[in-house]
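Enquirer:
In this note's numbering, the protein residues as written are 64 to 333.
1) Would you tell me roughly how many angstroms separate the C-alpha atoms of residue 297 and residue 272, rounded to the nearest one?
2) Residue 252 and residue 223 - do their beta-carbons sit closer together than 7 Å?
3) Excluding sequence positions up to five away, which residues of its chain have a Cβ less than 6 Å from the Cβ of residue 307?
4) Secondary structure at residue 149, three-state DSSP: helix, strand or coil?
5) At the level of alpha carbons, what is the spacing between residue 285 and residue 292?
6) Grab the span of the beta strand (DSSP E) containing residue 253 for me, first residue to last.
7) Could you compute how far the alpha carbon of residue 279 sits from the alpha carbon of residue 226?
8) Mapping DSSP to helix, strand and coil, what is residue 271?
9) DSSP has residue 281 in a bridge; who is on the other side?
10) Residues in its own chain within less than 6 Å of residue 302 by CB, not counting five upstream and five downstream?
11) I'd like to know whether the C-beta atoms of residue 176 and residue 208 end up nearer to each other than 7 Å.
12) Let's see if you can read the secondary structure: which residues bound the alpha helix (DSSP H) around residue 235?
13) What residue range is occupied by the uninterrupted beta strand (DSSP E) comprising residue 185?
14) What residue from 91, 202 and 149 has the CA that sits closest to residue 134's CA?
15) Between the Cα of residue 202 and those of 331, 172 and 249, spot the shortest distance and give me the residue it belongs to.
16) Less than 7 Å between the beta carbons of residue 151 and residue 181, yes or no?
17) Find out if the Cβ-Cβ distance for the pair residue 220, residue 185 is shorter than 7 Å.
18) Given a cut-off of 7 Å, decide if residue 239 and residue 283 are closer than it, judged by their beta-carbon atoms.
19) Helix, strand or coil for residue 94 per DSSP?
20) Rounded to a whole number of angstroms, what is the C-alpha to C-alpha distance between residue 156 and residue 165?
Take a look at the structure:
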């Protein structure tokens with residue numbers, strides 16, 4: 064959707080087709096905002112309304128603000144907390160479209176197959192094999208399929224699927240020589256925590272148990288029997304997690320009081 068100056072002024076303080084169309088788009092699509100001010104009153108009202116809807120229905124954040132400049136972590140947290148918007152910074156518009164087109168060409172065939180399978184898996188008629196779940200990309204494909212199929216994250220069958228996948232991944236880490244599985248589990252949990260506000264949802268217990276397991280099997284130093292790569296994933300990607308999830312994890316880890324290296328990561332929620 065390209066907004067002209069005439070559109071903008073007609074948009075101000077009026078419930079027009081344009082404003083209703085934008086509201087519908089937010090509910091039905093992934094939206095990228097490029098070159099439009101978030102200080103606009105009507106836009107903030109529409110986005111805030113969608114934020115309440117998405118939180119009440121445990122929906123993934125599907126609104127992105129593309130910024131050419133560097134955006135501080137505080138501002139990223141503010142945008143998400145107030146509007147449910149994730150920020151992609153240090154990105155030129157042409158670079159954004161170029162990378163988006165390239166990625167879409169890579170996943171087009173994959174996502175179609177994944178979408179065909181997701182409803183069978185959710186219904187219980189089909190189960191993901193361990194060979195598939197050993198792949199790092201499998202989790203992202205599954206999450207994308209759930210989103211693209213419009214499945215309800217509050218649906219007990221979807222919650223159960225998440226629980227089964229995470230439990231299977233934890234079991235895969237216990238195989239001999241499965242060090243990459245620890246790192247992948249950490250990345251999966253970080254990703255999930257970056258798209259859904261987990262606190263006070265059906266996912267909270269399973270998620271926190273898995274985070275505790277992941278952080279309990281990592282180490283800042285290269286010690287035998289624990290994963291340094293998992294620690295590096297948590298350390299470098301910690302800011303990507305939604306602020307409310309970072310606070311939830313921080314409180315959980317500090318309550319445990321036994322995971323020294325985990326405390327090094329969660330001591331600051333920013």
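Heads up, the beta-carbon is just placed ideally off N, CA and C, and yes, glycines get one too.
Expert: So, from the data block:
1) 15 Å
2) no
3) 260 and 262
4) strand
5) 9 Å
6) Run containing residue 253: none in the beta strand (DSSP E); it sits in the alpha helix (DSSP H), 242 to 258.
7) 19 Å
8) helix
9) 290
10) 136
11) no
12) 219 to 235
13) No beta strand (DSSP E) holds residue 185; the alpha helix (DSSP H) holding it covers 156 to 186.
14) 149
15) 249
16) no
17) yes
18) no
19) strand
20) 14 Å
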